[in-house]
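**Student:**
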Amino acid sequence: MAFFGGAGVSTASGIPDFRSLNGLYNQRGYTYAPETMLSHSFYVSHPEEFFDFYRHVMCVPDAKPNRCHYKLAELEAAGKLAAVVTQNIDGLHQAAGSKRVIELHGSTHRNVCQRCGAVYSQEWVLASEGVPRCGRCGGAVKPDVVLYEESLNERDLVAAMEAIASCDLLVIGGTSLVVYPAAGLVQYFRGDDLVVCNLQPTPQDAAANLVCACDISEAFDF
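Going by this note's numbering, the sequence shown opens with residue 864, and the numbers climb by one from there.
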């Protein structure tokens, strides 16, 4: 079994998604649109504004895992779940105890010096001001998250493909399957059973053996 999850897994923990009415795309108060502020070119040209947005919107240090996160960790510990493939950057799967987590879009819990490669925590970045600088060499510290205009990590992509291609049961949860290339990974599934759990319809609903249109934390409350 493998799990492929998106923003809906995190919204159950109080983290806003991107496209819903209350999502990041519809928040106000910033001069630039969120999708612009999350681009590589904006990070380069407006680093101060980028890190203000990153600290106040993208990092959610008080978020806690929900029932979905914990149940997936339980299934992994029981030998029933081979991998979690996630589009989220909040680290909640690991916080719940999952060990085999493939983070397609990176994590706010890893922030890397672009000069010497030193890795800093989310807490360190939140405690810094302006553009964070490496304490070792003074280099700029960039979040290890995939921004718009950047490619997904090839190693993570391959690992996700292999996890999905080799499982007999694939559970898709909390994702509308409209963001590529991540959504395209589902095409590698060759197993027997497909389950989709999402509040809104997805392109895979017709192919699924079971579709649950409900809050994902409720679906995993067993």
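Where a beta carbon is used, it is the ideal one built from N, C-alpha and C, also for glycine. On a predicted model such as this, the values are computed, not experimentally measured, just so you know.
Following the continuous alpha helix (DSSP H) through HIS932, name the residue where it begins and the one where it ends.
**Tutor:** For the purposes of this step, residue 932 is taken as the residue at position 69 of the sequence shown. Looking at the DSSP string, the run of the alpha helix (DSSP H) that includes HIS932 is 930-940.
**Student:** On a Cα-Cα basis, can you pick out the residue from ILE878, PHE905, ILE965 that is closest to ARG1018?
**Tutor:** The residue you call residue 1018 lines up with position 155 of the sequence shown. Considering only alpha carbons, the answer is ILE965.
**Student:** For VAL1009 and LEU1073, I'd like the C-alpha separation in whole angstroms.
**Tutor:** Within the sequence shown, numbered from 1, the residue matching residue 1009 stands at position 146. Within the sequence shown, numbered from 1, the residue matching residue 1073 stands at position 210. Their Cα atoms are separated by approximately 31 angstroms.
**Student:** Look at the alpha carbon of CYS1000 and the alpha carbon of VAL982, and state the distance between them as a whole number of angstroms.
**Tutor:** In the sequence shown, residue 1000 corresponds to position 137, counting from 1. In the sequence shown, residue 982 corresponds to position 119, counting from 1. Going from the Cα of CYS1000 to the Cα of VAL982 covers about 12 angstroms.
**Student:** Between the alpha carbons of ASP925 and SER970, how many angstroms are there, rounded?
**Tutor:** Residue numbering aside, residue 925 sits at position 62 when the sequence shown is read from its first letter. Residue numbering aside, residue 970 sits at position 107 when the sequence shown is read from its first letter. Going by the C-alpha atoms only, they are around 15 angstroms apart.
**Student:** Could you name each continuous alpha helix (DSSP H) segment of 4 residues or more that falls completely within the segment 955-1018, going from the start of the chain to the end?
**Tutor:** Those alpha helix (DSSP H) runs which fall completely within the segment 955-1018 and span 4+ residues are 955-959, 985-990.
**Student:** Helix, strand or coil, according to DSSP, for PRO1045 in the structure here?
**Tutor:** Taking the sequence shown and counting its residues from 1, the one referred to as residue 1045 is at position 182. The residue you asked about is not Pro; residue 1045 is Ala in the sequence shown. Looking at ALA1045 - three-state DSSP - the assignment turns out to be helix.
**Student:** Measuring straight from C-alpha to C-alpha, what distance separates LYS1005 and LEU955?
**Tutor:** Position 142 of the sequence shown, counted from the first residue, corresponds to residue 1005. Position 92 of the sequence shown, counted from the first residue, corresponds to residue 955. Cα to Cα, the separation comes out at about 21 angstroms.
**Student:** So PHE867 and VAL1021 are in contact, right, with Cβ under 8 angstroms, and what is the actual spacing, rounded?
**Tutor:** Residue 867 sits at position 4 when you count from the first residue of the sequence shown. Residue 1021 sits at position 158 when you count from the first residue of the sequence shown. PHE867 to VAL1021, Cβ: 15 angstroms. No contact.
**Student:** Assign ALA1076 to one of two classes, buried (16 or more other C-beta atoms within 10 Å of its C-beta) or exposed (fewer than that).
**Tutor:** Residue mapping note: residue 1076 aligns to position 213 of the sequence shown, counting from 1. Label assigned to ALA1076: exposed.
**Student:** Are three or more beta carbon pairs between the segment 890-902 and the segment 1059-1074 nearer than 8 angstroms?
**Tutor:** Verdict: no, contact absent.
**Student:** Does ALA946 come out as helix, strand or coil in the three-state DSSP assignment?
**Tutor:** Against the sequence shown, residue 946 aligns to sequence position 83. Residue state, collapsed to three classes: strand.
**Student:** Look at the alpha carbon of CYS1030 and the alpha carbon of GLY1037, and state the distance between them as a whole number of angstroms.
**Tutor:** Translated into the one-based positions of the sequence shown, residue 1030 becomes position 167. Translated into the one-based positions of the sequence shown, residue 1037 becomes position 174. Between CYS1030 and GLY1037, the C-alpha separation is close to 19 angstroms.
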